[in-house]
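Undergrad:
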Amino acid sequence: MNNTAANILKILSQSEMSIEDMHLYLKVEKSSILKTITQINEFLVSLNLSVIKKEDDRFNLSLSKDEWKTLFKNFKVLTSEEKIDYLYIKFIANGFLNLEKEKEILDLSRSTILRCFQTVKEMFSKNGSKYEYLHAKGLSLTELSEHDKHLFYKKVMKLFIEEDILVPPLKTLLKSLKKFDTKVRLSQLYPILRFSKISINYFLLSFICSLEVCTELFDGLNFQKEKYRDTLEFKNFMLYINKYGKDFTPKYREELGFFLCALNKKDNILEDNLRDKTSTFLNILKEEFGIKFLNDDLERMLFSKIYLSFFKFENKILKLKSVKFDRTQKILLNKLEAILHEYSSDMYLVDKFAVIFVLRRALIEENFNNVKNVLLLFNEVGASDHIVFKKRLTKLVPHVNFELEATFFHKKNVLTKYEKYDLIISDEKINSEVIVIDFYSSIKVHDIIEKKAFEIGINKLQKIDNTIKFV
Numbered sequence: 006m007n008n009t010a011a012n013i014l015k016i017l018s019q020s021e022m023s024i025e026d027m028h029l030y031l032k033v034e035k036s037s038i039l040k041t042i043t044q045i046n047e048f049l050v051s052l053n054l055s056v057i058k059k060e061d062d063r064f065n066l067s068l069s070k071d072e073w074k075t076l077f078k079n080f081k082v083l084t085s086e087e088k089i090d091y092l093y094i095k096f097i098a099n100g101f102l103n104l105e106k107e108k109e110i111l112d113l114s115r116s117t118i119l120r121c122f123q124t125v126k127e128m129f130s131k132n133g134s135k136y137e138y139l140h141a142k143g144l145s146l147t148e149l150s151e152h153d154k155h156l157f158y159k160k161v162m163k164l165f166i167e168e169d170i171l172v173p174p175l176k177t178l179l180k181s182l183k184k185f186d187t188k189v190r191l192s193q194l195y196p197i198l199r200f201s202k203i204s205i206n207y208f209l210l211s212f213i214c215s216l217e218v219c220t221e222l223f224d225g226l227n228f229q230k231e232k233y234r235d236t237l238e239f240k241n242f243m244l245y246i247n248k249y250g251k252d253f254t255p256k257y258r259e260e261l262g263f264f265l266c267a268l269n270k271k272d273n274i275l276e277d278n279l280r281d282k283t284s285t286f287l288n289i290l291k292e293e294f295g296i297k298f299l300n301d302d303l304e305r306m307l308f309s310k311i312y313l314s315f316f317k318f319e320n321k322i323l324k325l326k327s328v329k330f331d332r333t334q335k336i337l338l339n340k341l342e343a344i345l346h347e348y349s350s351d352m353y354l355v356d357k358f359a360v361i362f363v364l365r366r367a368l369i370e371e372n373f374n375n376v377k378n379v380l381l382l383f384n385e386v387g388a389s390d391h392i393v394f395k396k397r398l399t400k401l402v403p404h405v406n407f408e409l410e411a412t413f414f415h416k417k418n419v420l421t422k423y424e425k426y427d428l429i430i431s432d433e434k435i436n437s438e439v440i441v442i443d444f445y446s447s448i449k450v451h452d453i454i455e456k457k458a459f460e461i462g463i464n465k466l467q468k469i470d471n472t473i474k475f476v
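Here it is in structure tokens:
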């Protein structure tokens, strides 16, 4: 089996997926994917495990947690990227590498392991790291550049992200790097992070676990330590770290405290190139999607989604789930993909969905105030109920002028002038211009106004795109 087989198993261990979406993720022909699925099924049968099945155009592999462990324990195929990462990480972690020994561990031919190490050699040369050959022994690392320290950090972080689905050589490698049980460590980190009021996600947790490994191997990362050492914030973090991390080494406790301070202060803990790329792309999206006013919370969320998307794609981290796009989301998707293509960038499909989610919210807020006049038609509601409901709506959406009338007059065409209204809602069907709801509630009306605002935003985008095409 090959790279495609390894990646298909990574995908199906996380989610069911259609052949079309696999094609988008893997950039492999559909016929090749189907052929590989057949090969994987033969392998699964040999292990007495359930096979990959197709249900409603989606492929899935239904295995228990223990069965997945059995599968990955016996599946020893590494992707080309994983072979390179393995050699790179092991060389830096041990300071020594014997290619003959590693060839046997990975079950590779001499030409394959030399080809993989050639990439590692080129990375060291580019980044300024040096090594020497020890006759009849192997390769010895003599100098490790800061750039390679950071790259090592990212590659170890990837191992933590994919820990549950690592094949045996990578699982053994990770086990040799860490001096802790990951589940135990996460249970210790959780109360510390909760105190810090930092958003907790797999990306952050993997970052912190990788930080511990790198702190023990070398001096961690540069978090402007002297800037924080005497601050009250650092001392408060250390109280929680000392309380919940009693088995943390003194060096790691301090490094974690500096990291949390830097994270809280939003100091520069991100990669310069990727941060700049993210900022530039965010501004391009705002311009291309006609978003002039983006509140701080949404801007931070959009920055985070874009940064993580680029990070995952550039480091080939297949952390995903199956997603479905509705008609309007597909309009945003097509535009996002066109922009990505224009600027020679890309993201995984699930991350495009995450970015689109924020863009949708931004378009709603951008156009929400354009919905100014709303007509609500009631079948049978008393005048006092009208007044109470209108007050509630006015409090919820103060900029909208709500008018309430009886459905009867509109059904009989007594009142038919709809031009002045941006939106007409009724609890009974009248005509195609009227949105029908089964019962009235202020939340339902608010949701309909949001959908209208999004529709206005989509229509503006399509007009802009059509103008560009015409020009």
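Read left to right, the sequence shown gives residues 6 to 476 (the working numbering). Even for Gly, the Cβ is constructed at its ideal location relative to N, Cα and C. Quick caveat, the model's predicted, so the values are computed rather than measured.
1) Give the secondary structure of Y207 by DSSP, where H, G and I count as helix, E and B as strand, and everything else as coil.
2) Rounded to whole angstroms, what is the Cα-Cα separation between Y36 and N8?
3) Among residues of its own chain, excluding the 5 on either side of L368, which ones have a beta-carbon nearer than 6 Å to its beta-carbon?
4) Looking only at C-alpha atoms, which of G250, C121 and I97 sits nearest to S134?
5) Can you tell which of D443, E455 and F239 has its C-alpha closest to the C-alpha of L517?
6) Any contact between the segment 234 to 242 and the segment 341 to 352? By contact I mean 3 or more CB pairs, one from each, below 8 Å.
7) Could you tell me the distance, in whole angstroms, from the CA atom of C121 to the CA atom of K154?
8) Hey, L52 and T75 are a contact pair by Cβ (cut 8 Å); roughly how many whole angstroms apart?
9) Between which residues of its own chain and L401 is the CB-CB distance below 7 Å, once the five residues before and five after are set aside?
10) For V441, is the classification buried or exposed, using 16 other Cβ atoms within 10 angstroms of its Cβ as the cut-off for buried?
11) Closer than 7 Å by C-beta to D62: which residues in its own chain qualify, once you throw out the five before and the five after it? Chain order, please.
12) Which stretch, first to last residue, makes up the alpha helix (DSSP H) that contains Y158?
13) In the DSSP assignment, find the unbroken alpha helix (DSSP H) run with Y353 in it and report its ends.
14) Decide yes or no for the touch test of the segment 353 to 370 against the segment 332 to 342: beta carbon pairs closer than 8 Å, at least 3 of them.
15) I'd like the span of the alpha helix (DSSP H) that includes L111, first residue to last.
16) Roughly how many angstroms lie between the CA atoms of D351 and F318, to the nearest whole one?
17) Using the C-alpha atoms, what's the distance from C219 back to G250?
18) Just the Cα atoms here: how many angstroms apart are L83 and S55?
19) Would you check if the distance between the CB atom of F315 and the CB atom of K282 is smaller than 8 Å?
20) Quick check on DSSP: helix, strand or coil for R234?
21) I need the straight-line Cα distance from I38 to N46, nearest angstrom please.
22) Quick one: grab the DSSP three-state call for N132.
23) Once DSSP output is grouped into helix, strand and coil, what is the label at F253?
TA: So, from the listed chains and residues:
1) In this structure, Y207 counts as helix in the three-state DSSP scheme.
2) Looking at the sequence itself, residue 36 is Ser, so the reference to Tyr does not match. If you draw a straight line from the Cα of S36 to the Cα of N8, it comes to about 15 Å.
3) These residues qualify, in order along the chain: F459 and G462.
4) Comparing Cα-Cα distances from S134 to each of G250, C121 and I97, the minimum goes to I97.
5) Because residue 517 is not part of the residues shown, which for the chain are 6 to 476, the question remains open.
6) They do not touch, by the three-pair rule.
7) Rounded to whole angstroms, C121 to K154 spans 20 Å at the Cα level.
8) Contact check for L52 and T75: beta-carbon distance about 6 Å, within the 8 Å limit, so the pair qualifies.
9) Sequence-distant Cβ neighbours of L401 in its own chain, meaning closer than 7 Å and more than five residues away, are S447 and H451.
10) Burial call: exposed.
11) Hits under 7 Å: S23.
12) Boundaries of the alpha helix (DSSP H) harbouring Y158: E151 to I166, taken from the DSSP string.
13) For Y353, there is no enclosing alpha helix (DSSP H), as DSSP marks it with neither H nor E.
14) Result yes; three or more Cβ-Cβ pairs closer than 8 Å.
15) For L111, the enclosing alpha helix (DSSP H) starts and ends at L104 to L111.
16) Between D351 and F318, the C-alpha separation is close to 7 Å.
17) About 17 Å.
18) Their backbone Cα atoms lie some 22 Å apart in a straight line.
19) Yes, the Cβ-Cβ distance between F315 and K282 is below 8 Å.
20) Three-state DSSP puts R234 in coil, outside helix and strand.
21) Looking at the backbone, the Cα of I38 and that of N46 are separated by about 12 Å.
22) If DSSP states are grouped into helix, strand and coil, N132 belongs with the helices.
23) Of the three classes helix, strand and coil, the one that applies to F253 here is coil, per DSSP.
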